[in-house]
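In what follows, a structure is listed as structure tokens, so that the remarks can point back to it.
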Amino acid sequence: MMADRRRINGPPGGTRPAVFASNLQSGTSATDRAQRQRQPSELRKIFLKTGLIPTASGSSYLEFEPSASLAAARANPKSLIPPSSALKLACTVHGPKPLPRSAAFSPNLVLTTHIKYAPFAARQRKGHIRDASERDLGVHLETALRGAIIAERWPKSGLDITITILEAEDDRWWGSAPDSHDASWGMMNVLAGCITAASAAIADAHIDCLDLVAGGVAALVSDDSASTSTVAPKLMLDTDPAEHRSILSACVVAYMPARDEITELWLKGDSSKASLEDGDDRTGHEALIDGAVDAARGAHAVLAEAVRESLLKTVGQA
Amino acid sequence: MAPPAATAAPSVPPSLSLPPSQFARLQPHAYLLGHLSPPSASNQPSIRANGRAPSQFRVTSANAGSLTHTNGSAVVRIGDTAAVCGVRAELLHTEDIASWSVSQASGSNKRRRLADLGEKPTEEDEDEDPEEDRAHIEDLNLLVPNLSLSTGCAPGFIPGAAPSALAQSLSHQILSLLHSTRLVRADDLRVWYQPPNLGPEELERHNDEEQMDVDAEQSATAEEKPREIKAFWVLYIDIMIISLAGNPFDAAWAAVLAALRDTKLPKAWWDVDNETIVCSDSVADARKLSLRGLPVASSYGVFEADAAAGWRANVIPDAVEENAQAQKDKKGSPERWILADPDGYEEGLIQERACVVIDKEKDGKTTIVKMEKNGGWTVDTEDLRQLVEMSARRWDEMKRILEQC
Amino acid sequence: MTGPTASLSHLSRADGSASFKCPTTGYNVLGSVNAPIELPARRDALKPEEATVEVFVKPGNTTAGVGERYVEGILRTMLQKVILGRERGFPRRGVVITLAILGGDAVERGDSYLTLLPALLQTSLLTLLSAGVPMSMTFSTALLAVTKSGDIISDPSPVDAKTASSLHVLAFSPKGHLLLNESQGRFDFDTWESVRERAYSSCRGAVITGSDGDIAMGEEGEDSRAEDFIRETVEDHLHRDYAWKIDSA
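Chains as they are written, first to last, in full-length UniProt numbering: chain B, 1 to 318; chain H, 1 to 405; chain W, 1 to 249.
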């Protein structure tokens, strides 16, 4: 790799992440595996605050409540390996502002979204340049917001939304080996958080929207060990991938409750094997989407409260 | 928006027909000047537009260790400027260092010679050869600080673009200061390995680092193989400026300092069977870095009453004459103010800047680690002396904040 | 001790150029300036009332990195103050200075740049003089090191600079104002004051009356003042340019 002349580079030969002795011996720490303590439909608490970054037109900071295992590990640290992590991100909105001279005419507000992980956000060190998954997240976020913003009110203007992820969610429990159902499940939680935070920041910037759009995640998980795999997977809301043995399918939605509209839907994995209650004749993916919408409704309540706070603050200032 | 004609009479704040926020935008210089030199009749104190006294720093808070995936982390807020710093440690195996075998041989010889002569280096580095310490940290790139402003922290920094000149310059200043203050000890970053002797009990002991120093001296005659460095910890120090409202350097440096103070490195040893470095995940085994001192940065800006002072082809009086003149009219209103910790608004009105980095010894003696001034000709010895004193007071405050976090 | 050497205006396509060689540090810097010129690519960044000063530093053996960005920032802040960017023809235009480091030790990663800074400052000043860019003043620079034993040495060699306990770069205006100070290392304020005094005398030749009279200007002597060096370089150049006129007179 060419050395990046615009950054300070590490040793030319590269470095290796630390390998822990407990990882090398198999099966020792299976007992400390993170376990979900919440009910299947119980959501994690969200900390959401707006207006912390005064140089931006609008801003928000979002934090998910740490899982029970992480909270325990924090209170009484024993191992350097964190059992799971909790999403932390900062979002800023700049604009509406004039488009750059070189840009073509646009009758609508031009939305630009940008999501970047801090190098220390995940278990593996992230690069300084945006990778494919970060670009992907940006595109998903843009779709989610574009449906909510009333863009024709700002012709010839641009709106920049920038999200910095300080701590991301894991894709699976750190000790498990990657398996066939493996995908970047953590990314879906990150997207849900980004949608909620961006929505709060846009409201903080006083950009007209149809409704506050909130993000929610639901997943089909099978928590039993491999021997009893006959048990069908269960539907859970707001899943922390580190707390589950295997996630078969997951879904993120960006949802506007007032209009009962979904602006963005992202569904991944095999949802055909869902075990639903008797008499429930929804298909697996229908149940999954409903679950995600329920999770989004929960996030919306937090969002509405944060926006109310932001409004009271501006009214108080005037 | 009011017509610009309404602002034609600046520096008369009482008769304003504009709300203060508009006036601040249209006539920033007059606005700040009006605050700093209120009409003598009004009996108001000279105060900055943000409500601070000229020598007052913004409210500072620090919080360490809240990020899960780091070896050490900190969030520092200085007013509305916020910096998040995360330290991640990775291993650099000596076999991955191209020039290692050569430099290592010469390095250890030197070390040995020093020990033979019974020479004790300066008291602050009892067991440390300063040159080797420097060479390991600086030549092997063990400290990798990078600062990012592409976080939406302020308008004007395009997210996703390469680091701006300011970000690059700040990254460099942080690295340069880390090197020149020798804040991190190379010995904290070394992973040693003692090749075992024949006895079986020696094998048990080979990863017992604490005992090593003592052992090495006691049983030097027992034909022990010299212990060798198998790897170094490389500290990736990433600083995200989350919110930028002036004076990023002080906040970034404070965040780096707090994060390094929070940094814990796992115990690591050379695993002979796997031929690699293995770490213990036990928190009890991990140890903190032992940093050298606590250098604290304080930045200042000079606000000049004469808005034209910066560009008029004026005749500048001789420095000595000017000093005498300044002594004479000390009673009168000052022509310039040195503003501590300028915010974003003030930075736009400031050309001359100064930055002082201070550390204090255990006996309370002030040591200057770095002193810069640039961009003007008004600050000289007397002002710098005051700035050093002001920075020393700031050091006490920052020490308290950093120790609480 | 041989002093630095310099020559002016030897690049024909630039508005102004100069090269500067310092034998003690071994640095050899070639500078060029174009001013005032249009900067169409930077239309949004141009200031309506004054000229935009841009400085580029190119290391001899590699591409520019973060360290160059830092030293460019110092030079820009300093030169912006000295250049009269509001003179006729300058507002909304650019003053672009390019400094190429041709000789001397390569600057290492994370290095302070202090040893190189005086050479860069002198070269940019000579370059600006060569192009006739209006300036409010000239300046002279000094590089000093304080050794571990507390001695002050001016123009330290690269080896001295490396082992010094602190390094200082100072620049003074012709009227004795301190324009720039960059100090790094470990020192106290009293040390800095004597460093300033020493720098002042090496730049301006006069010693401010101080308590310790032993700071002699003997070793430099009146004729090797940094300030005079600039004047002599320009005088020599003028003399050569007007040789035909002087000869015919």
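All C-beta atoms, glycine included, are put in the ideal place defined by N, C-alpha and C.
Since we're looking at a predicted model, the values are computed, not measured.
**Message:** Taking 7 Å as the threshold (beta carbon to beta carbon), is W/V82 in contact with chain B?
**Reply:** Interface with chain B (7 Å Cβ-Cβ cutoff): W/V82 is excluded.
**Prompt:** For H/D359, which beta-bridge partners are listed by DSSP?
**Reply:** BP columns for H/D359 point to H/T367.
**Message:** Counting only C-beta atoms, is H/E346 closer than 7 Å to chain W at any point?
**Reply:** The beta-carbon of H/E346 is placed no less than 7 Å from the nearest beta-carbon of chain W.
**Request:** Please go through the same chain and pick out, in chain order, the residues whose beta-carbon is closer than 6 Å to the beta-carbon of W/R92, but skip the five residues on each side of it.
**Result:** For W/R92, same chain residues with a beta-carbon under 6 Å away, outside a window of 5 residues either side, are L46 in chain order.
**Request:** Buried or exposed for H/Q168, please, with buried defined as at least 16 other CB atoms from any protein chain shown within 10 angstroms of its CB.
**Result:** Within a 10 Å sphere around the beta-carbon of H/Q168 sit 16 or more other beta-carbons, which makes this residue buried.
**Request:** In the DSSP assignment, find the unbroken alpha helix (DSSP H) run with W/S248 in it and report its ends.
**Result:** Per DSSP, W/S248 belongs to the alpha helix (DSSP H) from 243 to 248.
**Request:** Answer with buried or exposed for B/A258, where buried requires no fewer than 16 other C-beta atoms within 10 angstroms of its C-beta.
**Result:** Under the 10 Å beta carbon count, B/A258 is surrounded by fewer than 16 other beta carbons and is classified as exposed.
**Message:** Using the three-state DSSP reduction, which class does W/A18 fall into: helix, strand or coil?
**Reply:** Of the three classes helix, strand and coil, the one that applies to W/A18 here is strand, per DSSP.
**Message:** Per the DSSP calculation, W/S55 is bridged to which residue(s)?
**Reply:** Checking the sequence, you will find Val at residue 55 of chain W rather than Ser. Checking the DSSP bridge columns, you'll see W/V55 partnered with W/I97.
**Message:** Are the CB atoms of B/S67 and residue 323 of chain B within a distance shorter than 7 Å?
**Reply:** What the structure shows of chain B is the stretch from 1 to 318, and residue 323 of chain B is not part of that stretch, so it cannot be assessed.
**Item:** Residues bridged to W/H168 (per DSSP)
**Value:** Beta-bridge pairing by DSSP links W/H168 to W/L144, W/S183.
**Straight-line Cα distance separating W/F56 from W/I97** = Separation of W/I97 and W/F56 (C-alpha to C-alpha, rounded to the nearest whole angstrom) is 6 Å.
**Prompt:** According to a CB-to-CB cut-off of less than 7 Å, which residues of the segment 145 to 179 of chain H neighbour chain W?
**Reply:** So the close ones are A165, Q168, S169, S171, H172, Q173, L175, S176, H179.
**Beta-carbon proximity check, B/L99 vs B/W154, cutoff 7 Å** = It is not a contact, given that the beta carbons lie outside the stated cut-off.
**Message:** So with CB distances below 7 Å, who are the chain W contacts of H/Q27?
**Reply:** In chain W, no part has a C-beta under 7 Å from the C-beta of H/Q27; the shortest such distance is about 15 Å.
**Item:** Buried or exposed by the 16-neighbour rule on C-beta atoms within 10 Å, applied to W/A131
**Value:** Per the 10 Å Cβ criterion, buried.
**Sequence-distant residues of its chain with Cβ nearer than 6 Å to B/R146 (five each side left out)** = Leaving aside the five residues that flank B/R146 on each side, the residues in its chain whose CB is nearer than 6 Å to its CB run, in chain order, L111.
**Prompt:** When the Cα of H/V356 is compared with those of H/S40, H/E138, H/L177, which residue comes out closest?
**Reply:** Ranking H/S40, H/E138, H/L177 by CA distance to the CA of H/V356 puts H/L177 first.
**Message:** Check for me: the beta strand (DSSP E) holding H/Q81 runs from which residue to which?
**Reply:** Here the sequence assigns Thr to residue 81 of chain H, which means Gln is not the residue at that position. H/T81 -> beta strand (DSSP E) spans 81 to 93.
**Asked** Are the CB atoms of B/I81 and B/A144 nearer to each other than 7 Å?
**Response** Result no, Cβ atoms of B/I81 and B/A144 do not sit closer than 7 Å.
**Residues that B/I8 contacts on chain W, provided the C-beta gap is smaller than 8 Å** = In chain order: V66, R109, G110.
**Asked** Any idea what DSSP makes of H/N197, helix, strand or coil?
**Response** Reduced to three states, the DSSP call for H/N197 is coil.
**Prompt:** In this structure, does DSSP put B/Y61 in helix, strand or coil?
**Reply:** Correct three-state label for B/Y61: strand.
**Message:** Let's see if you can read the secondary structure: which residues bound the alpha helix (DSSP H) around H/P226?
**Reply:** Neither: H/P226 is in no alpha helix (DSSP H) and is coded neither H nor E.
**Item:** Endpoints, the alpha helix (DSSP H) within which B/W185 is located
**Value:** Following the DSSP letters along the chain, one finds B/W185 inside the alpha helix (DSSP H) bounded by residues 185 to 204.
**Item:** B/L288 versus H/G156 - alpha carbon distance
**Value:** Looking at the two C-alpha atoms, the distance is approximately 41 Å.
**Asked** Around the Cβ of W/G150, are there at least 16 other Cβ atoms within 10 angstroms (buried) or fewer (exposed)?
**Response** The residue is exposed, with fewer than 16 neighbouring Cβ atoms inside 10 Å.
**Request:** Would you mind telling me which residues of chain B sit closer than 8 Å to H/V234, beta carbon to beta carbon, in chain order?
**Result:** Chain B residues near H/V234: G10, P11, T15.
**Anticipated Cβ contact below 8 Å, B/E243 with B/A254, distance rounded** = Between B/A254 and B/E243 the Cβ distance is about 24 Å, and since that is not below 8 Å, they are no contact.
**Closest by C-alpha distance to H/Q44, when choosing among H/I137, H/H35, H/A161** = Of the listed residues, the one whose Cα sits closest to H/Q44 is H/H35.
**Asked** Among W/A226, W/A14, W/S12, which has the Cα closest to the Cα of W/L121?
**Response** Nearest C-alpha to W/L121: W/A226.
**Message:** I'd like to confirm something about B/R282: is its beta-carbon nearer than 6 Å to some heavy atom of the ligand FAD, or not?
**Reply:** No copy of the ligand FAD occurs in the structure displayed, which carries no ligand at all.
**Message:** Could you give the first and the last residue of the continuous beta strand (DSSP E) run that contains H/E304?
**Reply:** According to the DSSP assignment, H/E304 belongs to the beta strand (DSSP E) that extends over 296 to 304.
**Length of the line joining the Cα atoms of H/R134 and W/G85** = Our two residues, H/R134 and W/G85, have alpha carbons roughly 43 Å apart in a direct line.
**Item:** Neighbour-count burial assignment, H/G65, 16 or more Cβ in a 10 Å radius
**Value:** By the neighbour-count rule (16 or more Cβ atoms within 10 Å), H/G65 is buried.
**Request:** For my contact list, H/S243 and B/T55 are in at a C-beta cut-off of 8 Å; report their separation, rounded to the angstrom.
**Result:** So it is a contact: roughly 6 Å between Cβ atoms.
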